[in-house]
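J.: What follows is a single structure, and I will ask about it in a moment.
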Amino acid sequence: MISRLYGPKAWIVLACCAAVVFVVFPVLNLVVPEGNPLHVTAFGVTLGGKIMCYMIVAVAMDLVWGYAGILSLGHGLFFALGGYAFGMYLMRQIHADGQYHVDMPDFMVFLDWKSFPWHWTWSEHFLWAVFLVVAVPGLLAFVFGYFAFRSRVKGVYFSIITQALTYAAMLLFFRNATGFGGNNGFTDFKRILEVPITTPQMRMALFTITGATLIATLLLGRFLVTSKFGRVLAAIRDAEARVMSCGYDTLWYKLFVWVLSAVLCGIAGALYVPQVGIINPSEMSPANSIEIAIWTAVGGRGTLVGPIIGTGLVNGAKSVFTVAWPEYWLYVLGLIFILVTLFLPDGVVGLAKRWRKA
Amino acid sequence: MNRRIFVNALALSAALVMAPAAAWAEAKVVKVGVLHSLSGTMAISETALKDMALMTFDEINAKGGVMGYKIEAVVVDPASNWPLFAEKARQLITQDKVAVVFGCWTSVSRKSVLPVFEELNGLLFYPVQYEGEELSKNVFYTGAAPNQQAIPAVEYLMSKDGGGAKRFVLLGTDYVYPRTTNKILRAFLHSKGITDADIMEEYTPFGHSDYQTIIAKIKKFASEGKKTAVVSTINGDSNVPFYKELGNQGLKATDVPVVAFSVGEEELRGVDTKPLVGHLAAWNYFMSLKNPVNDAWKKEWAAYAKAKKLPTADKPLTNDPMEATYIGIHMWKQAVEKAKSFDTDKVIAAMAGQSFKAPDGFTIKMDEKNHHLHKPVFIGEVKADGQFNVVWKTPGPVRAQPWSPFIPGNDKKKDEPETAAPAKK
Amino acid sequence: MLRWMLIALLIALCAPGAARALDAATVGKLATGDGDERAAAVAALVASGDPRALEVLKALSDGEMQTAGNRVLIVKDDKAVDAASGEAVTPLPESRDDVIVNNRLRGELDRAKAGLRLMSHDREVRRAAVKELEGGADDDMRPLVKQALAAETDPDIRASLALVSAQLDLKSTDKAARIAAVKLLAGSSSSAVKTTLIPLADKAEPDAEVRAQAKEALKLIESRLARAQMVGLAFSGVSLGSILLLAALGLAITYGLMGVINMAHGELIMIGAYTTYVVQNLFRAHAPGAFDWYLAMAVPASFCVSALVGMALERSVIRWLYGRPLETLLATWGISLMLIQGVRTIFGAQNVQVENPAFMSGGIEILADVVLPYSRIVIIGFAAVVLLGMGLMLARTRLGLFVRGVTQNRAMAACVGVPTARVDTWAFGLGSGLAGLAGCALSQIGNVGPDLGQSYIIDSFMVVVLGGVGQLAGTVYAALGLGFANKLLEDWSGAVLAKIAVLVFIIVFIQKRPQGMFALKGRAVES
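Chains as they are written, first to last, in this note's numbering: chain D, 9 to 366; chain A, 342 to 766; chain F, -15 to 511.
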């Protein structure tokens, strides 16, 4: 099985990356003292963790788009839902340390709510939060996907209604009355499992857990696409009608990978929120979801590794440009969209493959 | 021989000339952060604050800098993205090692950077009017709290000169500032004997642009027998379609006056103001105020906009948050010079009681304890040219009450930052 | 007190040639007193009977009154006149202060001017004056109103005056007079009348018969008002529908033709709006007299500029992505980002001001309390004209024929000699031009800023997805339907829930009919 997933060279590269995440970063952050040029700051750790969360989302996107041919422009919704689910738990963990010194989140106090709404029941339990992180995006994806795939909504129409879905959800979450903090969202987290959140140790722990999840996602994806299931999926992407006439019920194949992708995004969201320290409905904005597609496209669709590289490149460029030339960042991003779709349909990974052949 | 002497003399004189130049080039520099959105939905409001901050830094540097240090601005663009605000704030403090940050506009951006500033013991100056209910040791709030804006405005509306309103429509965008302000106002109105039946509370989402139904509802509500006034906390560019619809549907200020808290000269830039004459705004500063400090400041801004070829240079406007930015930067400079240090805790201590002659015509004071400015309140009516006529003002600056007495539970709050922060490590 | 002054006024009006200087002290109080003093000064001026009183009050409300030291001046076109005496003042004093009018004073001035104008010779002036008093005249104006009523010859104005008079009679002590007044007012449908009747239906009213009559009258008026509100709601639904139609029409054409959802469509709308802004500025700078006609130039200009930008996009980027609709989506999104930032760089991140020409400001009051803004009426008409033009173009012209052919079956059309590539370019240009027209219309009722397109893009998609691409009718029905649904729900549940409900409805509807309302018939070959 190990040989089926990747060749020996790829395993070595993977092992090196794992070493960077599990050994190099922790040492450079926790052991090496602050003045040292090799020291990795807390800022660097959280930035790295954030980008790794995005990478998980990009791999999830690749599963549905690169391998099943479904372009979703609403994946940010699942990411945000996972983030909100875990965020509820984090808000409960603030206990009475908020502005009002009551065992209720601040936004509920200023809305004059005396008790928790129904969707906050059990939110103080960690395991329930973990369950919600998986269940809520999964369930929404299941219902939406079932009806959409059953009616054979595909292509551009599907992409547009995923936009509508995430936009409607964003409007819903922006309402203060919905009970998710409205425009302010959730912020000012203090603890996870009663352990304070802002210590370097906790930050590093979150970082390494994210890294481990990323590697696990990659391996899981690779396992899926190299199996028979993956073959059928690729066939569906290329010629669905033919696959159906061969007797396969494509609905369940598409639905499975769609729900899996949503769950992975939810998990990524849950890891993102404690590292970034805030979740707010603009994570569900249509623009964010479209950006996910471009990370995948830049790296190379249908390769699983490509999206990881693409995410790193695009987000790295964003971090640099919004400091150095903030007025030009949108031009660069727009150009990336155009050039990649025009000239690099296989992304950076495809480019590398072509060079190697040449 | 002569040539050698000549060349040596030349080299020596060159060195003598270079030396002071080299010394000046190594003059002391202090880095200061500017954290305002330059792209995205909030760019409309925040770009002017970034430019005002840069102008103030130039002004201070021209007079010798802060304690002899030249101010070097580090401008970052968090792009109206709230998590990016927190990230950029952390970057400014830990990577760029700035001494102070001037920034934020929306409450959510401030709330997302607050944990960063408290954790890293940074210093933030926040220049926008907001809903109160916050008091952090690491933040100085140079904008108005509700009792310096909302409450005086409603009192004016209830007064004879303001129309003697007895019914109120509380109309806002759905987020924390209007929600909290309306909560405070409702409690205030109850205290003045106005019942819930005479209060209508309505919220629209961000970016809402079709106000036909809302205006129809206001008309209906206003026809129930008593004089009605509208208190608008509609945010940002939703104000333009709101006022256009108001004007087109013939809802005159003499019938139903509308007072707004987020509408200033800048927001009216995009609106035909002739049908809006008589509608009101409440601020701590108006561009049309006539006093020598304001005249000089406006002139300085117009010249700066022209010199830097800013897109708004053909019609330069100044508004309340710009004035608050200007005041905040100057007070920071004064505090640094009083504390003789850039260290955050020393500057925080030295900020107490700082005063500054502000363009609003008063000498503004920073409260000794509660990190807010004492600000005068002006009520202005819209003029046909988009400026404001001041129709009422407080006799002097008003002290801020960040914990509004109209919200239950606030009586237990202290009027200063919590000294013992919960253990974080 | 006003009663005495008005009697004095009547006497004064009958005594011609009594023009004397106004009392300087009163005029002074008018300019510099506190709220109560100024209101009293207004009343005093009205009572003085001097024909100059109207002039002074008018100058005050028009913002032409200024003070220079102790003197109160009326300044018009750099020529100053002493307010009290009417004599010219030369030279114009250097330092002058504006006299500020606040809402309360403005209300007093409006009523005072209306009262003084009730007896004017000009019919229009009288009509406007009566309208002003519809909200309820002051008690002391009763003799003036009665006299005007007796002298009025015009039937319309007479009827309105009768209502004003009836409102005054409501406060009379004579029960019969009150009942007569209530009966007369029952025929009105104005909410101002409703406001004055409410106290009579209240328990505070001593007489039971009057109370009953008032309740009856209120019921009638309220049902009329409810009906009027329905009309207003219907209009706002049509208005929103027309805006959605304009925004989505171009998108429907390009999507139907090329299967391309153009994510930069919103930005093409924005470009049309900015073009309108530029044309407005040009008119302001070079032809200020003809400013009201800038729209006549802005409409074709927005069409052309957006069409050109669209065609450039098609030629440079989109044509290479033919057959790859999903990539086109992403590429056009990238273009939209660049366009937004480009506009920000050129025009600044702030919103820009687009002023409505005079004929677009204000509204027409068709029923009491229902004011239909002119701008929205014009936009509805504009949308209808554009729709008609589009329909004719598609049905009657050669280009329309080619567009329809390529939409139905691209391969076959190419086989019979239709230049599909050029048709693509032209159609894309057409769709973009329509977006430009939408931008021109939107600039009149909303903001013009770099983010204008973002607010309309989702709505345009929804209309196209719902309506399907078989016929233009689909887009029309979808746009109007969404407009009505949105407005109905908004009245009931608020703006946000209405929008969410509409979006959810569309998502569900698409499950049922994946190709929209009006789909292309025939076997759909998968892309």
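We put the beta carbon where it would ideally sit given N, CA and C, even for glycine.
Grab me the residues of F:Met501's own chain with a C-beta within less than 8 Å of its C-beta, minus the 5 sequence neighbours each way, in chain order.
T.: On the third sequence, position 517 is the one that residue 501 of chain F refers to. Cβ neighbours of F:Met501 beyond the five flanking positions: Leu450, Gly451, Gly452, Gly458, Tyr461 and Ala462.
J.: Would you say D:Met63 and D:Leu222 are within 8 Å of each other, going by their C-beta atoms?
T.: Stepping through the first sequence from its first residue, residue 63 of chain D is reached at position 55. Stepping through the first sequence from its first residue, residue 222 of chain D is reached at position 214. Yes, the pair counts as a contact, with Cβ atoms nearer than the cut-off.
J.: For F:Met515, count neighbouring C-beta atoms within 10 Å of its own C-beta (all shown protein chains included) and say buried if the count is 16 or more, exposed if not.
T.: The requested residue 515 of chain F does not occur in the structure, where chain F is confined to residues -15 to 511.
J.: For F:Asn86 and F:Leu241, what's the separation of their Cα atoms in angstroms?
T.: Position 102 of the third sequence, counting from 1, holds the residue named residue 86 of chain F. Position 257 of the third sequence, counting from 1, holds the residue named residue 241 of chain F. Going from the Cα of F:Asn86 to the Cα of F:Leu241 covers about 58 Å.
J.: Using a Cβ-Cβ cut-off of 8 Å (strictly less than) and excluding sequence neighbours within five positions of F:Ser511, which residues of its own chain qualify?
T.: As a first step, residue 511 of chain F must be located in the third sequence, where it is residue number 527. Note that F:Ser511 scores 40 on pLDDT, short of 50, meaning its location in the model is unreliable; the coordinates nonetheless yield the value given after this. Cβ neighbours of F:Ser511 beyond the five flanking positions: Gly243, Gly307 and Pro309.
J.: From the beta carbon of D:Gly57, is the nearest beta carbon of chain A less than 8 Å away?
T.: To locate residue 57 of chain D, count along the first sequence from 1; it is residue 49. Not one chain A Cβ lies under 8 Å of D:Gly57.
J.: Quick check on the DSSP output: what are the complete alpha helix (DSSP H) runs of length 4 or more inside the segment 631 to 666 of chain A, in order along the chain?
T.: Within the segment 631 to 666 of chain A, the complete alpha helix (DSSP H) runs of at least 4 residues are 633 to 648.
J.: Nearest to F:Ser174 by alpha carbon, out of F:Lys203, F:Ala161 and F:Asp153?
T.: By 1-based counting over the third sequence, the position of residue 174 of chain F is 190. The shortest Cα separation from F:Ser174 among F:Lys203, F:Ala161 and F:Asp153 belongs to F:Lys203.
J.: When the Cα of A:Arg431 is compared with those of A:Met396, A:Asp752, A:Lys687 and A:Ser453, which residue comes out closest?
T.: Here residue 431 of chain A corresponds to residue number 90 of the second sequence, with the count starting at 1. For A:Arg431, the nearest C-alpha among the options comes from A:Ser453.
J.: Please specify which runs of the alpha helix (DSSP H), each continuous and at least 4 residues long, are wholly inside the segment 125 to 203 of chain D, giving them in chain order.
T.: Complete alpha helix (DSSP H) runs here, min 4: 134 to 158 and 163 to 182.
J.: Check the Cβ of D:Pro294 against every Cβ in chain F and list those closer than 8 Å, keeping chain order.
T.: Taking the first sequence and counting its residues from 1, the one referred to as residue 294 of chain D is at position 286. Neighbours of D:Pro294 on chain F, chain order: Ile442.
J.: Give the secondary structure of F:Tyr261 by DSSP, where H, G and I count as helix, E and B as strand, and everything else as coil.
T.: For the purposes of this step, residue 261 of chain F is taken as residue 277 along the third sequence, with counting starting at 1. Note: F:Tyr261 maps to helix in three-state DSSP.
J.: Mapping the DSSP letters down to three states, classify A:Ile748 as helix, strand or coil.
T.: Numbered from its first residue, the second sequence carries residue 748 of chain A at position 407. Here A:Ile748 sits in coil by DSSP.
J.: Would you mind reading off the limits of the alpha helix (DSSP H) that contains F:Asp140?
T.: Against the third sequence, residue 140 of chain F aligns to sequence position 156. Counting along the chain, the alpha helix (DSSP H) containing F:Asp140 begins and ends at Pro139 to Asp153.
J.: Can you give the beta carbon distance from F:Leu540 to F:Leu154, rounded, assuming they're within the 8 Å contact cut?
T.: Nothing can be reported for residue 540 of chain F: it is not among the residues displayed for chain F, which extend from -15 to 511.
J.: Between D:Leu85 and D:Asn184, which are expected to be in contact by the criterion C-beta below 8 Å, what is the C-beta distance as a whole number of angstroms?
T.: Start at 1 with the first residue of the first sequence, and residue 85 of chain D comes out as number 77. Start at 1 with the first residue of the first sequence, and residue 184 of chain D comes out as number 176. The pair is not a contact, with the Cβ atoms about 20 Å apart (cut-off 8 Å).
J.: A:Phe547: which of A:Gly566, A:Asn576 and A:Asn660 sits nearest, CA to CA?
T.: On the second sequence, residue 547 of chain A is found 206 positions in, with the first residue counted as 1. Looking at the Cα atoms, A:Asn576 is the closest of the given residues.
J.: Classify A:Trp733 as helix, strand or coil using the three-state DSSP reduction.
T.: Taking the second sequence and counting its residues from 1, one reaches residue 733 of chain A at position 392. Strand, per DSSP.
J.: What is the C-beta distance between D:His133 and D:Ser297, in whole angstroms, given that I count them as a contact (C-beta under 8 Å)?
T.: Taking the first sequence and counting its residues from 1, one reaches residue 133 of chain D at position 125. Taking the first sequence and counting its residues from 1, one reaches residue 297 of chain D at position 289. The Cβ separation is near 30 Å, so there is no contact.
J.: Please report how far the alpha carbon of F:Leu323 lies from the alpha carbon of D:Gly342, in whole angstroms.
T.: Locating residue 323 of chain F in the third sequence gives position 339, counting from the first residue. Locating residue 342 of chain D in the first sequence gives position 334, counting from the first residue. So the alpha carbons of these two residues sit roughly 9 Å apart.
J.: I'd like the span of the beta strand (DSSP E) that includes A:Trp624, first residue to last.
T.: Translated into positions along the second sequence, residue 624 of chain A becomes position 283. Residues Leu621 to Trp624.
J.: Would you call the segment 359 to 376 of chain F in contact with the segment 597 to 611 of chain A, where contact means no fewer than 3 C-beta pairs closer than 8 Å?
T.: The segment 359 to 376 of chain F, when compared against the segment 597 to 611 of chain A, does not touch it at the 8 Å Cβ threshold.
J.: Nearest chain F C-beta to A:Asn589 closer than 8 Å, yes or no?
T.: Counted from its first residue, the second sequence places residue 589 of chain A at position 248. Yes, because at least one Cβ of chain F sits closer than 8 Å to the Cβ of A:Asn589.
J.: Starting from the beta carbon of A:Thr388, find every residue of chain F whose beta carbon is closer than 8 Å, and list them in chain order.
T.: As a first step, residue 388 of chain A must be located in the second sequence, where it is residue number 47. Gly332, Ala333 and Gln334, listed in chain order.
J.: Shorter than 8 Å from the beta carbon of F:Met344 to some beta carbon of chain D?
T.: Indexing the third sequence from 1 puts residue 344 of chain F at position 360. Taking Cβ atoms only, chain D never reaches closer than 8 Å to F:Met344, which makes this a no.
J.: Determine the burial state of A:Lys593: buried for a count of at least 16 other Cβ atoms within 10 Å of its Cβ, exposed for fewer.
T.: Position 252 of the second sequence holds residue 593 of chain A. Buried, by the Cβ-count rule.
J.: Taking Cβ-Cβ distances shorter than 9 Å, what residues in chain A pair up with D:Arg183?
T.: Here residue 183 of chain D refers to the residue found at position 175 when the first sequence is read from its first residue. Within 9 Å Cβ-Cβ: Asp515, Tyr544 and Pro546.
J.: In three-state DSSP terms, what is F:Val11?
T.: Taking the first residue of the third sequence as position 1, residue 11 of chain F is located at position 27. In this structure, F:Val11 counts as helix in the three-state DSSP scheme.
J.: Could you tell me whether the Cβ of D:Val72 comes closer than 8 Å to any Cβ of chain F?
T.: Within the first sequence, numbered from 1, the residue matching residue 72 of chain D stands at position 64. Judged by the 8 Å Cβ criterion, D:Val72 is not in contact with chain F.
J.: How would you list, in chain order, the residues of chain F whose beta-carbon sits under 7 Å from the beta-carbon of A:Asn730?
T.: What you label residue 730 of chain A is simply residue 389 of the second sequence in a count that begins at 1. In chain order: Ile84.
J.: Taking any Cβ of chain F, which residues in the segment 307 to 330 of chain D have a Cβ under 8 Å from it, in chain order?
T.: If the cut-off is 8 Å between Cβ atoms, the segment 307 to 330 of chain D has nothing near chain F.
J.: Between the C-alpha atoms of D:Leu2 and F:Cys424, what's the straight-line distance to the nearest angstrom?
T.: Coverage of chain D is limited to positions 9 through 366, which leaves residue 2 of chain D absent and any answer about it impossible.
J.: Express the C-alpha separation of A:Lys558 and D:Val348 in angstroms, rounding to a whole number.
T.: Taking the first sequence and counting its residues from 1, the one referred to as residue 348 of chain D is at position 340. Taking the second sequence and counting its residues from 1, the one referred to as residue 558 of chain A is at position 217. The alpha-carbon atoms of D:Val348 and A:Lys558 are separated by roughly 50 Å.
J.: In the segment 596 to 616 of chain A, which residues sit with their C-beta less than 8 Å from some C-beta in chain F, listed in chain order?
T.: Listed in sequence order: Asp596, Pro598, Glu607, Arg610, Gly611, Val612, Asp613, Lys615 and Pro616.
J.: Distance, Cα to Cα, F:Val432 vs A:Val612?
T.: As a first step, residue 432 of chain F must be located in the third sequence, where it is residue number 448. As a first step, residue 612 of chain A must be located in the second sequence, where it is residue number 271. Cα to Cα, the separation comes out at about 10 Å.
J.: With a threshold of 8 Å between beta carbons, is F:Phe445 in contact with chain D?
T.: In the third sequence, counting from the first residue as 1, residue 445 of chain F sits at position 461. Closer than 8 Å to some Cβ of chain D, the Cβ of F:Phe445 qualifies, so yes.
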